[in-house]
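Participant: Encoded as structure tokens, here's the structure I'll be asking about.
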Amino acid sequence: MKTIVKLAAIGALLTIAACSRPGSQGGPLVNDPYAGMNGAGAGAVGTGTLPGTAEYFKANVGDTVLFQLDQSTLTPEARTTLANQAGWLNQNQGFSAVIEGHADEQGTREYNLALGARRASSVQEYLISQGVQAGRLRTVSYGKERPLEICSTEDCFMKNRRAVTALRSGAGM
Amino acid sequence: MLRKILLTSVMALAGLGMAAPVMAQDGPLRIEITDGVIEPMPFAIAAFHDEGGAGQYLQQVQQLIAADLTGTGLFREIPASAHIARPASFDAPVSYEDWKAINAQALITGAVSVQGGKVVVKFRLFDVFSGQPLGDGMQFDASTGNWRRAAHKAADQVYARLTGESPYFDSRVTFVQETGPKDARMKRIGIMDYDGANVKYLTDDSALVLKPRFSPDGSRILFTSYASGFPKAMMMDVNSLGTRSLGEQPGMSFSPRFSPDGRWIVYSLEQNGNTDIYQMDAASGAQRPLTNAPSIETSPSYSPDGRQIVFESDRSGSPQLYIMGANGGEPKRISFGDGRYGTPVWSPRGDMIAFTRQVGGKFHIGVMRTDGSEEKMLTESFLDEGPSWAPNGRVVMFTRVTPGGDGQPRLHSVDITGRNMRPVQFNGAASDPDWGPLLP
Numbered sequence: 078m079k080t081i082v083k084l085a086a087i088g089a090l091l092t093i094a095a096c097s098r099p100g101s102q103g104g105p106l107v108n109d110p111y112a113g114m115n116g117a118g119a120g121a122v123g124t125g126t127l128p129g130t131a132e133y134f135k136a137n138v139g140d141t142v143l144f145q146l147d148q149s150t151l152t153p154e155a156r157t158t159l160a161n162q163a164g165w166l167n168q169n170q171g172f173s174a175v176i177e178g179h180a181d182e183q184g185t186r187e188y189n190l191a192l193g194a195r196r197a198s199s200v201q202e203y204l205i206s207q208g209v210q211a212g213r214l215r216t217v218s219y220g221k222e223r224p225l226e227i228c229s230t231e232d233c234f235m236k237n238r239r240a241v242t243a244l245r246s247g248a249g250m
Numbered sequence: 467m468l469r470k471i472l473l474t475s476v477m478a479l480a481g482l483g484m485a486a487p488v489m490a491q492d493g494p495l496r497i498e499i500t501d502g503v504i505e506p507m508p509f510a511i512a513a514f515h516d517e518g519g520a521g522q523y524l525q526q527v528q529q530l531i532a533a534d535l536t537g538t539g540l541f542r543e544i545p546a547s548a549h550i551a552r553p554a555s556f557d558a559p560v561s562y563e564d565w566k567a568i569n570a571q572a573l574i575t576g577a578v579s580v581q582g583g584k585v586v587v588k589f590r591l592f593d594v595f596s597g598q599p600l601g602d603g604m605q606f607d608a609s610t611g612n613w614r615r616a617a618h619k620a621a622d623q624v625y626a627r628l629t630g631e632s633p634y635f636d637s638r639v640t641f642v643q644e645t646g647p648k649d650a651r652m653k654r655i656g657i658m659d660y661d662g663a664n665v666k667y668l669t670d671d672s673a674l675v676l677k678p679r680f681s682p683d684g685s686r687i688l689f690t691s692y693a694s695g696f697p698k699a700m701m702m703d704v705n706s707l708g709t710r711s712l713g714e715q716p717g718m719s720f721s722p723r724f725s726p727d728g729r730w731i732v733y734s735l736e737q738n739g740n741t742d743i744y745q746m747d748a749a750s751g752a753q754r755p756l757t758n759a760p761s762i763e764t765s766p767s768y769s770p771d772g773r774q775i776v777f778e779s780d781r782s783g784s785p786q787l788y789i790m791g792a793n794g795g796e797p798k799r800i801s802f803g804d805g806r807y808g809t810p811v812w813s814p815r816g817d818m819i820a821f822t823r824q825v826g827g828k829f830h831i832g833v834m835r836t837d838g839s840e841e842k843m844l845t846e847s848f849l850d851e852g853p854s855w856a857p858n859g860r861v862v863m864f865t866r867v868t869p870g871g872d873g874q875p876r877l878h879s880v881d882i883t884g885r886n887m888r889p890v891q892f893n894g895a896a897s898d899p900d901w902g903p904l905l906p
């Protein structure tokens with residue numbers, strides 16, 4: 078990873094201005110949370126983000142974990158991602174995070190709000206167990222209101238059953 | 467506002483040979499909703515009389531009364547082209563033979579005038595085959611801007627006399643209008659007449675809003691808003707649009723609903739990922755939990771006497787329906803079918819509970835008795851959810867969503883026989899309907 082970081086830093090100097098998006102404090106910070114989740118090395122060079130940035134977090138650590146149908150328990154893959162998230166958050170104390178819980182569209186609006194809250198809470202608890210201070214984390218549920226993928230088949234549903242760790246500048250919530 | 471006047475004196479003047487208003491309810495002309503009407507009752511509206519300045523309203527009032535009645539699926543209008551004659555004036559005697567000949571079982575006569583900025587609607591209802599009036603003639607007036615209400619009131623009287631049910635046409639619905647793509651939907655709270663007319667918006671689309679619900683008198687709306695970035699139960703005054711949060715709980719609060727007497731608000735409160743049902747004193751804001759379980763408890767709805775609450779819980783492993791006392795306590799499960807049950811709402815008549823059921827890859831709107839018996843599915847589609855009862859407990863409105871990336875929610879209504887399902891006339895995507903009270 079160290080090599081990657083150095084290469085990334087060179088590119089970042091050239092592109093960092095372009096990476097700072099106005100208004101990124103507001104809604105979700107990410108358009109595609111899956112970018113860079115696989116084979117992050119090459120992607121890091123290309124995107125050229127500094128390791129201590131939200132862009133790096135989403136591209137190289139991964140800001141999203143997925144859930145099984147109707148479940149809020151963490152899969153082994155999710156735990157790996159969250160351990161990496163915790164490591165990054167522990168190293169970058171200038172950030173806090175809002176954990177967004179989401180559900181697919183199978184289910185009523187109200188139940189899905191509650192289910193999304195369960196998922197966000199599972200992520201929050203795990204990050205705290207990995208040393209992230211509770212005061213830096215907050216949860217919100219969007220239920221089925223903010224799908225990532227919009228088709229109505231399992232291909233999309235499985236990507237919508239997710240929790241997204243959305244970074245905010247500042248150490249506390 | 468709207469005024470109603472009994473036309474008994476007019477009837478006496480009309481020379482119909484009746485000293486007193488006739489209560490023609492012996493062997494009455496009656497259509498039963500629960501019988502499952504296969505053949506709608508044929509009725510005729512004799513061309514209304516213009517009693518001064520009626521203008522456009524003459525036709526519009528007649529058409530709206532006919533639309534209200536035929537929209538129930540219980541009645542079929544015999545077109546004017548088939549009529550033989552009409553009474554010479556609103557007060558002239560009715561020639562029953564002319565209406566028997568075209569097999570009109572019920573006859574509506576009427577008159578419209580505009581007086582001092584008010585639309586005045588008069589009507590009478592007749593049982594053609596028994597040859598007598600069904601109840602008194604009545605008169606309603608409303609400002610010209612509210613002319614539809616006067617027509618709805620007249621249609622409500624006809625509906626109530628012919629079905630024996632309470633009326634519901636003169637009522638409003640609050641709902642969520644949706645715009646934008648499915649992954650970035652914008653929503654705002656709207657209000658409209660039950661038939662989709664007179665749409666107004668009460669919020670802008672700057673914050674996600676969900677599940678508006680009327681207070682019992684229709685003057686306030688409870689809803690869930692993301693204006694703070696986190697879901698919070700809010701209350702809005704319909705006239706002033708003044709809005710306030712229902713207290714600053716930690717965690718998210720959502721799905722608020724009034725008790726039938728307006729004194730209490732029940733809602734869902736999430737803390738540390740767990741959702742339970744809470745009750746708030748609407749006046750003082752004092753709140754307390756009604757459930758305390760590690761499972762999801764949500765979607766509470768009071769019985770009309772205020773003594774019980776039906777809600778949804780996944781304590782058994784999947785979402786099912788439960789009833790508990792208004793002060794909480796041990797709940798009793800009432801749904802036992804396959805699949806998942808949610809969003810229960812108690813009928814204002816008290817006899818039934820409507821709900822969403824998800825089974826076999828489909829969504830249904832269903833109804834059951836309050837003990838869980840006589841469960842019946844009224845609809846089936848990719849995604850139907852969130853029923854809300856008409857004020858008379860004989861029709862529910864709900865959201866139907868079409869599948870796919872460009873899928874859209876639309877409001878639909880269905881009667882409790884499941885035979886008369888139709889889209890609500892609203893031009894655009896909409897969800898989360900809540901049917902308000904019958905207007906005074």
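Going line by line, the protein sequences match chains A and B. So for the first sequence, our numbering puts the first residue at 78; every next one is plus one. So for the second sequence, our numbering puts the first residue at 467; every next one is plus one. Glycine included, every Cβ here is placed at the ideal spot set by N, Cα and C.
E505 (chain B) CB to nearest chain A CB: under 7 Å?
Facilitator: No, E505 (chain B) lies away from the interface with chain A (no Cβ there is under 7 Å from its Cβ).
Participant: Could you tell me how far apart the beta carbons of E917 (chain B) and D742 (chain B) are, in whole angstroms, since I believe they sit closer than 8 Å?
Facilitator: A query on residue 917 (chain B) cannot be resolved here, the shown segment of chain B reaching from 467 to 906 and no further.
Participant: Along the segment 165-190 of chain A, where does the CB come closer than 9 Å to a CB of chain B? Name the residues.
Facilitator: Correct list: V175, G178, E182, Q183, G184, T185, R186, E187, Y188 and L190.
Participant: Just to confirm before moving on: does the CB-CB distance between S725 (chain B) and Y768 (chain B) stay below 7 Å?
Facilitator: Cβ distance < 7 Å, so S725 (chain B) and Y768 (chain B) count as in contact.
Participant: Round the Cβ separation of T575 (chain B) and A512 (chain B) to the nearest angstrom and send it over; I've been treating them as touching at under 8 Å.
Facilitator: At roughly 5 Å, the Cβ-Cβ gap stays under 8 Å, so T575 (chain B) and A512 (chain B) are in contact.
Participant: Take L416 (chain B) as the anchor and find which of B:D872, B:R496, B:A616 and B:P716 has the nearest alpha-carbon.
Facilitator: Only positions 467 to 906 of chain B appear in this structure, which leaves residue 416 (chain B) out of reach.
Participant: Does chain A have any CB closer than 7 Å to the CB of I762 (chain B)?
Facilitator: It does; some Cβ of chain A falls within 7 Å.
Participant: Kindly list, in the order they appear in chain A, the residues whose Cβ is closer than 8 Å to that of G808 (chain B).
Facilitator: Those within 8 Å of G808 (chain B) in chain A are G184, T185, E187 and Y188.
Participant: Quickly, what does DSSP pair V794 (chain B) with across the bridge? List them, please.
Facilitator: Before going further, note that residue 794 (chain B) is Gly rather than Val in the sequence given. G794 (chain B) pairs with B:G791.
Participant: P224 (chain A) versus chain B: which residues are under 8 Å apart at the beta carbon?
Facilitator: Those are K648 and D649, listed as they occur along chain B.
Participant: With distances taken Cα to Cα, identify the nearest neighbour of V776 (chain B) among B:S782, B:P797, B:R888 and B:A759.
Facilitator: Ranking B:S782, B:P797, B:R888 and B:A759 by Cα distance to V776 (chain B) puts B:P797 first.
Participant: Counting pairs of Cβ atoms below 8 Å between the segment 650-660 of chain B and the segment 633-640 of chain B, do you hit three or more?
Facilitator: Because the criterion of three Cβ pairs below 8 Å is met, the segment 650-660 of chain B and the segment 633-640 of chain B touch.
Participant: Rounded to the nearest angstrom, what separates G547 (chain B) and N569 (chain B) at their Cα positions?
Facilitator: In the sequence on display, residue 547 (chain B) carries Ser and not Gly. C-alpha separation (whole angstroms): 14 Å.
Participant: Consult DSSP for S706 (chain B) and reduce its assignment to one of helix, strand or coil.
Facilitator: If DSSP states are grouped into helix, strand and coil, S706 (chain B) belongs with coil.
Participant: Which parts of the segment 638-678 of chain B are runs of the beta strand (DSSP E), unbroken and 3 residues or longer, counting only runs that do not cross its ends?
Facilitator: Listed in chain order, the complete beta strand (DSSP E) runs (minimum 3 residues) inside the segment 638-678 of chain B are 652-659.
Participant: From what residue to what residue does the alpha helix (DSSP H) around Q189 (chain A) run?
Facilitator: One point to set straight first is that residue 189 (chain A) is Asn, not Gln, in the sequence displayed. Per DSSP, N189 (chain A) belongs to the alpha helix (DSSP H) from R186 to S206.
Participant: Considering only their Cβ atoms, is the gap separating L573 (chain B) from F592 (chain B) smaller than 7 Å?
Facilitator: Their beta carbons are under 7 Å apart, which means F592 (chain B) touches L573 (chain B) by this criterion.
Participant: Who are the Cβ neighbours of A211 (chain A) in its own chain at under 6 Å, not counting the five residues just before and after it?
Facilitator: Counting only Cβ-Cβ distances below 6 Å, and skipping sequence neighbours, we find I205.
Participant: With G164 (chain A) as the anchor, note down where its beta strand (DSSP E) starts and where it stops.
Facilitator: Looking at the DSSP string, G164 (chain A) is not in any beta strand (DSSP E); the run it does join, the alpha helix (DSSP H), is P153 to Q168.
Participant: Go to T216 (chain A), then tell me how far its beta strand (DSSP E) extends in each direction, as first and last residue.
Facilitator: Where T216 (chain A) is concerned, the enclosing beta strand (DSSP E) stretches over L214 to G220.
Participant: Does the beta carbon of S198 (chain A) sit closer than 7 Å to a beta carbon anywhere in chain B?
Facilitator: Yes, S198 (chain A) counts as interfacial toward chain B.
Participant: Of the residues that make up the segment 696-713 of chain B, which ones have a beta carbon closer than 8 Å to any beta carbon in chain A?
Facilitator: Answer in chain order: F696 and P697.
Participant: Spatial neighbours of R195 (chain A) within its chain, please: C-beta separation below 6 Å, excluding the five flanking residues on both sides.
Facilitator: The residues are S149.
Participant: List the residues of chain B that I227 (chain A) touches, going by C-beta distances under 9 Å, in chain order.
Facilitator: Within 9 Å Cβ-Cβ: P647, K648, D649, G870, G871, D872 and G873.
Participant: Less than 7 Å between CB atoms is the rule here; does R238 (chain A) satisfy it with respect to chain B?
Facilitator: For R238 (chain A), the answer is no, since every Cβ of chain B falls outside 7 Å of its Cβ.
Participant: Counting only C-beta atoms, is A194 (chain A) closer than 7 Å to chain B at any point?
Facilitator: So yes, A194 (chain A) belongs to the interface.
Participant: Kindly list, in the order they appear in chain B, the residues whose Cβ is closer than 9 Å to that of V217 (chain A).
Facilitator: By Cβ distance, chain B contributes Y692, G695, F696, P697 and M718.
Participant: Between the Cα of T690 (chain B) and those of B:N664, B:K653 and B:Y667, spot the shortest distance and give me the residue it belongs to.
Facilitator: That would be B:K653, whose Cα lies nearest to the Cα of T690 (chain B).
Participant: Just checking, does the segment 886-897 of chain B make contact with the segment 547-567 of chain B on the three C-beta pairs under 8 Å criterion?
Facilitator: Output reads no: the segment 547-567 of chain B does not touch the segment 886-897 of chain B.
Participant: Using a C-beta to C-beta distance shorter than 9 Å, which residues of chain A count as neighbours of K828 (chain B)?
Facilitator: Correct list: empty, because the minimum Cβ distance to chain A is about 11 Å.
Participant: Which residue wins for smallest C-alpha separation from N793 (chain B), given the options B:R773, B:T836 and B:G783?
Facilitator: The shortest Cα separation from N793 (chain B) among B:R773, B:T836 and B:G783 belongs to B:R773.
Participant: Hey, V138 (chain A) and Q168 (chain A): beta-carbon distance below 7 Å or not?
Facilitator: Not in contact: V138 (chain A) and Q168 (chain A) (Cβ atoms no closer than 7 Å).
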